[in-house]
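Visitor: Just passing along the structure, written as structure tokens.
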Amino acid sequence: MSSLHKKFTPTPSLKIEGDPAFGLMVLRDSTTVWGTHIRREALQDHISSSSVEHLQILADICSSFQNQAITTYSQPLSIQSTAISTSENLDIKSLQNELIKQTQIIEQLRLEQKSLQSMLIKRERDLTRVSVDLQLFKGDLCQLKKEFELSKSFIHNDGTYLWRIDNIQQSFRNAKNASQSICISSSPFYTSKYGYKMSLKLYLNGDKSVRDTYLSVYITIMRGEYDSLLNWPFQYPITLCLYDRNLKQDHVVHTIKPDLDSDCFQQPKMDANKSGGIPEFCPLWKIFNKEFGYVQQDTMYIKAFVDFNIYPTKIWPYWTKLQSYGLPTNVEHIKLEEQIDNEK
552 MSSLHKKFTP TPSLKIEGDP AFGLMVLRDS TTVWGTHIRR EALQDHISSS
602 SVEHLQILAD ICSSFQNQAI TTYSQPLSIQ STAISTSENL DIKSLQNELI
652 KQTQIIEQLR LEQKSLQSML IKRERDLTRV SVDLQLFKGD LCQLKKEFEL
702 SKSFIHNDGT YLWRIDNIQQ SFRNAKNASQ SICISSSPFY TSKYGYKMSL
752 KLYLNGDKSV RDTYLSVYIT IMRGEYDSLL NWPFQYPITL CLYDRNLKQD
802 HVVHTIKPDL DSDCFQQPKM DANKSGGIPE FCPLWKIFNK EFGYVQQDTM
852 YIKAFVDFNI YPTKIWPYWT KLQSYGLPTN VEHIKLEEQI DNEK
């Protein structure tokens, strides 16, 4: 390397000052100034003979510039990268904390769900048990109702039944306004403790062809507890009495004599047979006439008497008189027997 080249070490901040055309050239960097005066001819010779060295110097200068630029710009990038990395780490840490929190919440919800499932299973078991108990209770209640109805039936088990009908006026209006004949049915009763089961049926406005004209009364033979022990068809006369509660006591009395060939009096195959009775039991004009006491205080009384003794027809006027004395049924029978003997 020439002596000129040894006077300085290239740096990225190297500057060339002066005008080479006048033979003056000064080299300057940030800390050092190199200056020299050379002849133009010598400078041309130097340039021609030292091209390789000049290229190497230029390459070194460029490399120095490049290294300095990399150093200069890499520091902010490193700082920025560190900041970004720090921010990312904080974000990751925050996300990790949030993930832990959500995981804890999910675990808590899972435990609560498990607890609720256990409670639900217990409630379902309790509900099943209550449902079974309810069905048993319904069965018991149904049986009690049957026993109660049966006990009511046995209240009248001496061959007589006194039926009190309430709300006559309203029931009559309902029957009159209905599109077809409607009836009121009594509670069932037995003719004896182990006897026939039957009930009464009343058409306040009349039945079918006698509608709006007569009051109709029927008897219905029902399927009873002891039908297999009884004789069939039912063959005993049933006397019905509509009470007149005025002083004249003009009771309306009719006797139903069973038709042994009629389905009405055969052993019931269903809950009840077809009803049989007296359609023209009493004229409607008479029922609500103030001269009679068939309806008083909005009530009406009808008595059924099953005639197991087959009394003669002529005895019934006397029987109607006995109804005002409130005699026990057995005493009524004694009185009737006495009356029959007196009429012989």
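Going by the numbering used here, the first residue of the sequence shown is number 552, and it counts up by one from there.
All residues carry an ideal CB built from backbone N, CA and C; glycine is no exception.
1) Roughly how many angstroms lie between the CA atoms of residue 733 and residue 800, to the nearest whole one?
2) For the beta strand (DSSP E) containing residue 804, list its first residue and its last residue.
3) Just to confirm the assignment: which complete alpha helix (DSSP H) runs, minimum length 4, are found wholly within the region 767–838?
4) Quick one: what's got a C-beta closer than 7 Å to residue 713's C-beta in the same chain, skipping five residues either side?
5) If you pair each beta-carbon of the region 815–826 with each one of the region 784–792, do three or more pairs fall below 8 Å?
6) So what does DSSP say about residue 847, is it helix, strand or coil?
7) Would you kindly work out how many angstroms separate the C-alpha atoms of residue 683 and residue 664, rounded to a whole number?
8) Between the Cα of residue 901 and the Cα atoms of 757, 669, 888 and 614, which residue gives the shortest distance?
9) Of the residues 716, 672, 877 and 767, which one's Cα is nearest the Cα of residue 832?
10) Determine the extent of the alpha helix (DSSP H) in which residue 722 is found, giving its start and end residues.
11) What residue range is occupied by the uninterrupted alpha helix (DSSP H) comprising residue 869?
12) Could you tell me the alpha carbon to alpha carbon distance between residue 660 and residue 645, rounded to whole angstroms?
13) Please report the distance separating the alpha-carbon of residue 859 from that of residue 747.
14) Report the partner residues of residue 716 according to the DSSP bridge assignment.
15) Bridge partners for residue 735 per DSSP, in chain order?
16) Can the beta-carbon of residue 710 be found less than 7 Å from the beta-carbon of residue 679?
17) Using 7 Å as the threshold, is the C-beta distance between residue 729 and residue 755 below it?
18) For residue 750, count the other beta carbons within 10 Å of its own beta carbon; 16 or more makes it buried, fewer makes it exposed. Which is it?
19) Pick helix, strand or coil for residue 859, following the three-state DSSP scheme.
20) How do the region 797–812 and the region 876–887 stand: do at least 3 beta-carbon pairs fall below 8 Å, yes or no?
21) Can you have a look at residue 769 and say buried or exposed, based on whether 16 or more other CB atoms are within 10 angstroms of its CB?
22) With distance defined between alpha-carbon atoms, name the residue in 811, 771 and 675 nearest to residue 821.
23) Exposed or buried, what is residue 857 when buried is set at 16 or more other beta-carbons lying within 10 Å of its beta-carbon?
24) Keeping to the same chain, check which residues put their C-beta closer than 7 Å to that of residue 758; ignore five residues upstream and five downstream.
25) Hey, quick one: how far does the alpha helix (DSSP H) through residue 886 stretch, first residue to last?
26) Can you tell me whether DSSP reads residue 711 as helix, strand or coil?
Guide: So, to answer that:
1) Whole-angstrom Cα-Cα distance: 28 Å.
2) 803–807
3) 835–838
4) 852 and 854
5) The region 815–826, when compared against the region 784–792, does touch it at the 8 Å Cβ threshold.
6) strand
7) One C-alpha to the other measures close to 28 Å.
8) Residue 901 falls outside the range modelled here, since the chain spans only 552 to 895, and no answer is possible.
9) 767
10) Residues 719–728.
11) 867–873
12) 22 Å
13) 12 Å
14) Paired residues: 851.
15) 753
16) no
17) no
18) buried
19) coil
20) Not touching, per the Cβ criterion.
21) buried
22) 771
23) buried
24) 732, 767 and 830
25) 880–893
26) In the three-state reduction of the DSSP assignment, residue 711 falls in the strand class, which pools E and B.
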